[in-house]
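First comes the structure, then the notes that go with it.
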Amino acid sequence: MSALRSSALHFLKSMYNSFSRQTLLRHVSRETILVTVLFCLTSFVVYRLYFHPLAHVPGPLLAKWSGWWRNYRYFRGTWHDDILKVHRNYGPIVRIAPNELSVVDAQITKQLYGHGHNAQKTKWYSTWDIPGAAPGLFAEQDKKLHAYLRKRVSGAYSMSAILKFETYVQGCLDLMLVGLKKHSDKGNTVNMANWTNALAFDVVGELAYGSKLGHLETETDVMGIRKAIFDGFFIMANFGHFLGQAQLVNNKIVNGFFALFGGSSGFSGFQKWSADKVRSRMGNDGAGGREDMLAHFIRMKNDQGEQASFPEVLIEAMNIIGAGADTTSIGMRSCMFYICSRPDVYKRLQREIDDYYDSMGLSNPITYQQTQQLPYLVAVCKEAMRLLPSIVYQLLRYAPEGLSVEDKHIPTGTPIGISPISQNRDRKVFGPDADEFRPERWFEDESKTRLMDSINMTFGGNGPRMCVGRNIALVEIHKFVAQLLRNFDVGLVDPNKPWHITSYWFAYQHDMNMWLKTRPGRALQAPSG
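Structure representation (structure tokens):
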């Protein structure tokens, strides 16, 4: 019986192979195959254009049937312009990929990111999981675990804690101002993009690792840390939209391919350096009583009440770089660009700063709490960062049940997000002049100001998902602007070409060349120690 069954199967297989190779290929022409392929492709496109659950949402034609409309613009680094244009052309809700929506709506902002309403993060965030590392706050998609992770570090990021570390911030700022004075005395122009990056990274070095990283002192990108992070963000933010995206951070093929174009190997070098610094600090019982954010992380307890492990401490130290460095330096540059682009704002702001110094008899650098007593300074910084927030990519979530925008029902589970730059320029909230730099808007109407504050996505996100490094950025930015204008007269070398912006998750401003002239009576001295 077994031999008979085997013979029968062999006979049927032979007949099938003969038919496949001879009959089928003999009678099916290339034209037929081509027509079949074209029919399938056409059906696929027609479905996405007219029968897809999101077919009723307006958007660019290519974006409706291919993700390459969005991906191409992400890769070329122009999303800060592209997302504004697409919403101007198509309205508050736009289909930017076959299965993805972008929205500009104050109420939806609260439903997606607000307290008690925050929707589930999409799988895009999986790309930010570092292989072998502990769960990270930014990448974590589980809401309960995210809440736990945020709660145990919130004390270190609170404003009261950051103000205790303000002396570290001021030490770095002193070093920066002295360095700028040296160039000013020589009549040199400076690339403010490099200087603000150096300041922000040295500050987070003090907070996260217990010492400056050396960027200000050497006026270089020490160990290529900034470039490594830039390259890593390029990979993670963009490759997250591809199938099979997971665990690309340390993928040898991806990093090898990227290296061909001058990129670094991503985060691997920076991760090793960070591990060495944290391990050394943990082995030294918290570095002899030095109080900073790393000391807080070392004292953390896990959900079992046990001492936090090395991977848990390491990921939090590394998170400060992502949460507090680029967000801060971008904000500094935005402030100085917009201030220098409006001579009337520049003069009024500098006069407010001088009057405060003189009336208070200040001989020491102004503190953050003192900057908050300067209403025009606060409004200027807020307005500048509104126009160019640090993050410009979509903050993706899965649409919760019952969500609708502009009377358009959004199917549950649809990836939907808001770009902070498009939300911050919503004309329904900020007025018809939403694209203009006008600090006075923050003084005009108290109820409107509360609304603007509630949806202003300066540092990305809103509510419980707001960037944890927000307070670090606020302290640095206000102190930087006040002390720079107190000590220098500054301006853009070429107001017609003030900078070049490349958007890879963050809106990086490059080549921001400025001139400086030390103001009379300003004696700047290098910090001791």
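Residue numbers 1148 to 1676, in this note's numbering, belong to the letters of the sequence shown in order. Even glycine gets a Cβ: it sits at the ideal position worked out from N, Cα and C.
Residues near residue i by beta carbon distance below 7 Å, same chain, minus five either side
i     : result
G1387 : W1271, T1274
A1202 : L1196
R1533 : N1571, N1603, T1605
A1464 : A1355, Y1356, S1421, V1425, L1441, F1444
Other residues of its chain near residue i: CB distance less than 8 Å, five sequence neighbours each side excluded
i     : result
G1206 : V1233, Y1237, V1241, R1242, I1243
G1409 : Confidence at G1409 is low in this model, with a pLDDT of 47, below 50, so the placement of that residue is unreliable and no value is reported for it.
K1529 : P1586, W1589, N1603, T1605
V1204 : I1240, V1241, R1242, L1248, K1555
Reduced DSSP secondary structure (H/G/I, E/B, other) of residue i
i     : result
T1365 : helix
I1557 : coil
G1091 : Residue 1091 lies beyond the range of the chain shown here (1148 to 1676); nothing can be said about it.
H1657 : strand
R1242 : strand
G1430 : coil
P1562 : strand
W1662 : strand
S1190 : helix
V1182 : helix
S1551 : strand
I1462 : helix
I1513 : coil
A1280 : coil
Beta-carbon proximity list for residue i, same chain, < 6 Å, skipping 5 on both sides
i     : result
G1471 : V1351, G1616, I1619
H1443 : A1303
K1328 : T1665, L1671
A1393 : Below a pLDDT of 50, predicted positions are generally treated as unreliable, and A1393, at 46, falls in that range; the measurement from the model is reported next regardless. So the qualifying residues of the chain are S1273.
D1573 : V1251
Range covered by the alpha helix (DSSP H) that runs through residue i
i     : result
M1604 : Premise fails: M1604 is in no alpha helix (DSSP H) and is neither H nor E.
G1678 : With the chain covering only 1148 through 1676, there is no way to say anything about residue 1678.
I1568 : 1567-1570
S1506 : 1490-1507
A1202 : Per DSSP, A1202 belongs to no alpha helix (DSSP H) and is neither H nor E.
G1263 : Segment: none, G1263 is in no alpha helix (DSSP H) and carries neither H nor E.
P1522 : 1522-1534
D1108 : For residue 1108 there is no data in the structure shown, the boundaries of the chain being 1148 and 1676.
M1440 : 1440-1445
V1233 : 1226-1237
F1577 : 1574-1577
W1143 : Only positions 1148 to 1676 of the chain appear in this structure, which leaves residue 1143 out of reach.
Buried versus exposed, by CB contacts within 10 Å (16 or more), residue i
i     : result
V1628 : buried
C1187 : exposed
V1396 : Its pLDDT being 49, under 50, V1396 is placed unreliably by the model, and nothing is read from it.
F1380 : buried
H1227 : buried
G1668 : exposed
Q1696 : The shown model of the chain, from 1148 to 1676, leaves out residue 1696, and the question about it has no answer.
Y1219 : exposed
R1480 : buried
A1286 : buried
N1293 : The displayed chain sequence assigns His, not Asn, to residue 1293. Classification for H1293: buried.
G1413 : Because the pLDDT at G1413 is just 45, under 50, the model does not fix this residue reliably, and the value given afterwards should be weighed accordingly. G1413 comes out buried.
Start and end residues, beta strand (DSSP E) containing residue i
i     : result
L1248 : 1247-1250
Y1545 : 1542-1545
Any non-hydrogen atom of the ligand MN closer than 7 Å to residue i Cβ
i     : result
I1477 : The ligand MN is not part of this structure, which contains no ligands at all.
- request: Please go through the region 1579-1650 and give each complete beta strand (DSSP E) segment of 3 or more residues, from N-terminal end onward.
  value: For the region 1579-1650, the continuous beta strand (DSSP E) assignments of 3+ residues that do not extend past its boundaries occur at 1635-1639, in sequence order.
Entirely enclosed alpha helix (DSSP H) segments - the region 1295-1360, minimum 4 residues: 1306-1311, 1313-1332, 1339-1356
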